[in-house]
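Below is one structure, written out as structure tokens; the observations come after it.
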Amino acid sequence: MAGATRTPTNLTQGGKTDAGIGASTLRPDGTLKVTGEFAYSSDMWHEDMLWGFTLRSTVAHAEIVSIDTSEALAQSGVYAVLTYDDLPTDVKNYGLEIQDTPVLAHGKVRHHGEPVALVAADHPETARRAAAKIKIEYKELPVITDEASALAEDAILVHEGRDDHHSGHVPHPNIVHRQPIIRGNADEAAKKADVIVSGEYVFGMQDQAFLGPESGLAVPGEDGGVDLYVATQWLHSDLKQIAPVLGLPEEKVRMTLSGVGGAFGGREDISMQIHASLLALRTGKPVKIVYNRFESFFGHVHRHPAKLWYEHGATKDGKLTHLKCRIVLDGGAYASASPAVVGNASSLSVGPYVVDDVEIEAIALYSNNPPCGAMRGFGAVQACFAYEAQMDKLAKKLGMDPVEFRQLNAMEQGTIMPTGQPVDSPAPVAELLRRIKAMPLPPEQQWLAAGEGADVRALPGGLSNTTHGEGVVRGIGYAVGIKNVGFSEGFDDYSTARVRMEVVGGEAVATVHTAMAEVGQGGVTVHAQIARTELGVEQVTIHPADTQVGSAGSTSASRQTYMTGGAVKNTCENVREKVLDIGRRKFGTYHPAWATAELLLEGGKVVTDAGEVLADLADVLEGEAVDLELEFRHRPTEAFDLKTGQGFGHVQYSFAAHRAVVEVDTELGLVKVIELAVAQDVGKALNPLSVVGQIQGGTTQGLGVAVMEEIIVDPKTAKVRNPSFTDYLIPTILDTPTIPVDVLELADEHAPYGLRGIGEAPTLSSTPAVLAAIRNATGLELNKTPVRPEHLTGT
Amino acid sequence: MRVTFTVNGRKQEADDVWEGESLLYVLRERMGLPGSKNACEQGECGSCTVRLDGVPVCSCLVAAGQVEGREVVTVEGLADFAKQRAEKGGCASGACGTSLQDAQQWQSKPSDSELRSRAADSQTGENTDLSPIQQAFIDAGAVQCGFCTPGLLVAADELLERNDSPSDADIREALSGNLCRCTGYEKILDAVRLAAARGENRTAGQGA
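Those sequence lines, one after another, are chains A and B.
FYI, the numbering for the first sequence is 1 to 795, going by the UniProt record's numbering.
FYI, the numbering for the second sequence is 1 to 208, going by the UniProt record's numbering.
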């Protein structure tokens, strides 16, 4: 890119050839990240670039009466002001599954913070000030904020004239998607129950709160196209949504992944990509957009808040009889990933337990609340919060140990899911529970560990010095969860990898090129490890992810190591065969083993399975390179039946269990989480260091939602009240306990190397384990996240 | 306005600075030093932490004009800064910090760093000279997305400068102004413990 001084670069990593899979190889981008050299999307820079700014609605639901941009345009330093009327083609909406989201609002705004106009100027502050001079006249409409207002007889339809593929089967146009699951006969089975427990649970709206706000650079091309440098989770999904609204063929929108400052689902949807491109194409200049934290809260979807009604029965010897549940997810103003979240919430609503008779319904609403979509755990998180609370209630009512009760009902390989799908790989639910229960407990009264006097830093309230131990009660809680891995319900979920093997400087080296979004999870580390294992080379170069290679699918659903890792493995295996063909052609006559033995690539050489060296890879590849690009698919799945929910819907399952230890200052309602122990089955740890890092990170996001995180939306106005890190709190290092991790590796024979997707499972059970521990400490029922001091003190 | 100050040992000048611009903006957008990150713009996340006359500050909350004539160290200068500190004997007492005088006397050696950059791997920066805390973050797996890393490194380096064997509670207290969303902080604690155990005088790369 001419004139650009900061763009993504190759990552080349040497390393011993034993730095293959299973080794805790260090990140190839680590040095760049600790020196400040790594080029994040917000660091993109170009000569003569302009700064874009997005003007967003100040109300949640209103007709737009008029927009006057004349004053903004007259401002010195302003190059362009765009509204709906400036959109270049007939396609004016985009969306992940349903194209219901306007690029810029037209006639109506449906949520607080919806983009209405764009400004490009020579300084970000100039752009902001010009945007403030755009005059928008709104005529406010009543807001839809919950199920009652969405389905009321006189409810305004959030989207008039729906014709999407779900519109035909939903009971009301303000329901995005509905998925029932009926199996067995819950009413009949309930008659066998000796105890029945029910509850209503409320899960708050969580923000992904990735540290690197939405940002990127759009550079107009000489061919009328655009080069985009952005942070996203799926380049090709972005591309499919961007090109049509720009009126460009896909090949004229060239996307390169820039450094991504975390994602957690919040970058599955488009944010600034289209806006920056529009401004760049209009002005003929490169345009950079960087959201600040306030705007970031409006710039991406959140985790669906949910209301969940659950009824379980059990016999007196502790066997579950039936489940009835109803899950209402608030999808907000636009569909985003809501349909898939509904599919997950319903199909995983039973949890990792054996229940043959179920009656389940999950729906997502359209409302005027902020749009909700993907976040780590994706529908399974909300369900786990409810079913785990139910398990504790049942155990208590039966007078059983909560862990033993869970183990008694735990699913295992061979269990039939409520969807009728058999679990056909290891499901060590009881074993994971056994492991966390067996871990040593942290010592009591740690605040006295230093000897004389209390170290208040170990106490609830911390340095606020609110207690020296008086009124502090310990509690312990357990939870376990089940998450699906990969895209479900019949989606053609594939990944592409291009691998090149050649001689550079007398050494055989490999280059791996995929469109996988490295968002911090360490996919680039794993790809290099796989190439070393499969090709026997030391030096591997990871090419920047872009749209010049086929799709890698999304960095979500815990799928990337399985899918793009699987694609790299598959392409490497094919490259290896080509390399051996070349070897046979060049050297086959010198040694019979070329024709007869099983050949491997190891340590830069071709060797027989008996360990005999046949040739140097550098000699085989001298003057020739092997370069292949291939797609990789997981086994096919099918859609869930719209009436019964039956179907082979999921690819793989992932399990984690938590034990939380908390100390609660019962007088002030302050909670200190002392320890969050995790046990998780990962199938095969390709990089143990990264695996543990993922588990600890996911656990901490679950902790956040348990005791601090919630986007608060005013129920009267549907406006967001706390869009900042001052008011939306995420765990600091002081709030986060020690997180001991026990990793189990039971291979899944369907998956590459037997691995299991791991990123999301630890986010599920962390929250209910903390809630269970607080209930254990306080004796309170606590049916809502997050637990706040007033819930504990009753004030 | 024009602002003149020292960044990573070199005198720097920025012209046409608007009075409302932060130190962070001037570093990132006018001086070509984007290592310090903008993640909240209100002093809550610590991603923009730099040393200002030795004191860790959120550079998003410092007006550029306030830095006139003063000394700033960013993550880009951390390796040089740590190296020079080690050459001067570091902080033997364990609680000395950097005096204002020391901070202002500190000078980087550009010829060294140019030599190093020629020797380093051009793509990944392997063989780049790193400070002990930078190396420890890589070795301990404390880096995932890395967006919080520059601020955490500056804060952790300052902690180790004044306390060469911090307790876990000390580390948590010192880093409580730096948010990380990826790691759950466990490996960040590991990294600081590792750097403390290795000590200032040990060179980079020994733990890999």
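Even for Gly, the Cβ is constructed at its ideal location relative to N, Cα and C.
- Message: I'd like to know whether the C-beta of Glu-186 (chain B) is nearer than 7 angstroms to at least one C-beta of chain A.
- Response: At a cut-off of 7 angstroms, the C-beta of Glu-186 (chain B) has a neighbouring C-beta in chain A.
- Task: Go ahead and pull the three-state DSSP assignment for His-236 (chain A).
- Result: Note: His-236 (chain A) maps to helix in three-state DSSP.
- Message: Counting only Cβ pairs nearer than 7 angstroms, list the residues of chain B close to Asn-722 (chain A).
- Response: Those within 7 angstroms of Asn-722 (chain A) in chain B number zero; the least Cβ separation is about 12 angstroms.
- Query: Between the Cα of Gly-702 (chain A) and the Cα atoms of A:Pro-762, A:Asp-146, A:Ala-528, A:Asn-570, which residue gives the shortest distance?
  - Reply: Of the candidates A:Pro-762, A:Asp-146, A:Ala-528, A:Asn-570, the one whose C-alpha sits nearest the C-alpha of Gly-702 (chain A) is A:Pro-762.
- Task: With DSSP collapsed to three states, give me the class of Lys-719 (chain A).
- Result: Secondary structure of Lys-719 (chain A) (DSSP, three-state): coil.
- Please list, in chain order, all residues of the same chain as Tyr-40 (chain A) whose beta carbon is under 8 angstroms from its beta carbon, the five residues on each side excluded. Shown here for Tyr-40 (chain A): same chain residues with a beta carbon closer than 8 angstroms to its own, the five before and five after excluded, namely Gly-212, Ser-215, Ala-231, Ser-258, Gly-259, Val-260, Gly-261 in chain order.
- Message: Please list, in chain order, the chain B residues whose beta carbon lies closer than 7 angstroms to that of Asn-292 (chain A).
- Response: Near Asn-292 (chain A) (Cβ distances below 7 angstroms), the residues of chain B are Glu-41.
- Query: How would you call Lys-643 (chain A), buried or exposed, if buried means at least 16 neighbouring beta carbons within 10 angstroms?
  - Reply: With fewer than 16 other Cβ atoms within 10 Å, it is exposed.
- Item | Rounded separation between Gln-144 (chain B) and Ser-36 (chain B) - CA only | Cα-Cα distance, rounded: 16 angstroms.
- Message: Residues in the same chain with beta-carbon distance under 8 angstroms from Ile-274 (chain A), minus the five sequence neighbours each way, listed in chain order, please.
- Response: Only Tyr-94, Val-103, Gln-241, Ile-242, Val-245, Leu-246 meet the Cβ criterion.
- Task: Determine the chain B residues that contact Pro-213 (chain A) at a beta-carbon separation under 7 angstroms, and present them in chain order.
- Result: Within chain B, the residues Ala-39 have their CB atoms less than 7 angstroms from the CB of Pro-213 (chain A), given in chain order.
- Task: Give the DSSP-derived three-state secondary structure of Ala-615 (chain A) in the structure shown.
- Result: Secondary structure at Ala-615 (chain A): strand, using DSSP grouped into helix, strand and coil.
- Leu-73 (chain A) - containing beta strand (DSSP E), residue span: For Leu-73 (chain A), no beta strand (DSSP E) segment is defined; the enclosing uninterrupted segment is the alpha helix (DSSP H) at 70-74.
- Item | Separation of Leu-179 (chain B) from Asp-139 (chain B), as counted between CA atoms | The straight-line gap from Cα to Cα measures roughly 20 angstroms.
- Message: Need the endpoints of the alpha helix (DSSP H) that Lys-437 (chain A) sits in, please.
- Response: Secondary structure note for Lys-437 (chain A): its alpha helix (DSSP H) is the uninterrupted segment 429-438.
- Query: Going by alpha carbons, who is nearest to Gly-683 (chain A) out of A:Tyr-201, A:Gly-754, A:Leu-463?
  - Reply: Measuring from the Cα of Gly-683 (chain A), the nearest candidate turns out to be A:Gly-754.
- Selection from B:Asn-8, B:Glu-13, B:Gly-54, B:Leu-24 that minimises the alpha carbon distance to Asp-80 (chain B): Residue B:Asn-8 is the option with its Cα nearest to Asp-80 (chain B).
- Message: Counting only C-beta atoms, is Phe-725 (chain A) closer than 7 angstroms to chain B at any point?
- Response: Look at Phe-725 (chain A): its C-beta is under 7 angstroms from a C-beta on chain B.
- Query: Cβ of Arg-128 (chain A) less than 7 angstroms from any chain B Cβ?
  - Reply: Not an interface residue.
- Task: Keeping to the same chain, check which residues put their C-beta closer than 8 angstroms to that of Ala-639 (chain A); ignore five residues upstream and five downstream.
- Result: So the list reads Glu-489, Gly-490, Gly-647, Gly-649, once near-sequence residues are dropped.
- Distance CB(Thr-547 (chain A))-CB(Met-205 (chain A)) smaller than 7 angstroms: Against a cut-off of 7 angstroms, the Cβ pair of Met-205 (chain A) and Thr-547 (chain A) comes out as no contact.
- Query: CB Thr-555 (chain A) to CB Ser-495 (chain A), shorter than 7 angstroms?
  - Reply: Contact annotation: Thr-555 (chain A) and Ser-495 (chain A) have beta-carbon atoms that are not nearer than 7 angstroms.
- Task: Report the three-state DSSP secondary structure of Val-350 (chain A) (helix, strand or coil).
- Result: In this structure, Val-350 (chain A) counts as coil in the three-state DSSP scheme.
- Is Arg-584 (chain A) close to chain B, meaning its C-beta is less than 7 angstroms from at least one C-beta of that chain? No, no contact with chain B.
- Query: Quick one: is Val-3 (chain B) near chain A, going by C-beta distance under 7 angstroms?
  - Reply: So, not an interface residue.
- Item | Complete alpha helix (DSSP H) runs within the stretch 323-381 of chain A (minimum length 4 residues, chain order) | Restricted to the stretch 323-381 of chain A, the alpha helix (DSSP H) segments that are unbroken, complete and at least 4 residues in length are 338-347, listed in chain order.
- Please determine, among A:Tyr-590, A:His-61, A:Gly-266, the residue with the shortest C-alpha to C-alpha distance to Leu-96 (chain A). Answer by Cα proximity: A:Gly-266.
- Can you find a CB in chain A that lies within less than 7 angstroms of the CB of Cys-48 (chain B)? No, because no Cβ of chain A sits closer than 7 angstroms to the Cβ of Cys-48 (chain B).
- Task: Kindly indicate which residue of A:Val-403, A:Thr-561, A:Ala-777, A:Val-485 has the alpha-carbon position closest to the one of Glu-667 (chain A).
- Result: Ranked by Cα distance from Glu-667 (chain A), the first of A:Val-403, A:Thr-561, A:Ala-777, A:Val-485 is A:Ala-777.
- Which residue from B:Gly-146, B:Leu-52, B:Leu-159 puts its Cα closest to that of Arg-31 (chain A)? The sequence given here has Thr at residue 31 (chain A), not Arg. Considering only B:Gly-146, B:Leu-52, B:Leu-159, the residue with the shortest C-alpha distance to Thr-31 (chain A) is B:Gly-146.
- Ala-169 (chain B) touches chain A at which residues, Cβ-Cβ below 8 angstroms? Asp-455, Arg-457, Ala-458, listed in chain order.
- Item | Neighbourhood of Ala-131 (chain A) by C-beta, 6 angstroms cutoff - its chain only, sequence neighbours within 5 removed | A distance below 6 angstroms between beta-carbons, with the five flanking residues on each side excluded, links Ala-131 (chain A) to the following residues of its chain, in chain order: Phe-53, Leu-55, Val-119.
- Message: I'd like the span of the beta strand (DSSP E) that includes Trp-594 (chain A), first residue to last.
- Response: Per DSSP, Trp-594 (chain A) lies in no beta strand (DSSP E) segment; the continuous alpha helix (DSSP H) that holds it begins and ends at 593-596.
- Given that Gly-35 (chain B) touches chain A, what residues does it touch there, using C-beta distances under 8 angstroms? Result: Thr-35, Gly-36, Glu-37.
- Task: Output the boundary residues of the alpha helix (DSSP H) element that contains Val-691 (chain A).
- Result: Element bounds for Val-691 (chain A): 688-707.
- Query: Would DSSP call Asp-627 (chain A) helix, strand or coil?
  - Reply: Strand at Asp-627 (chain A).
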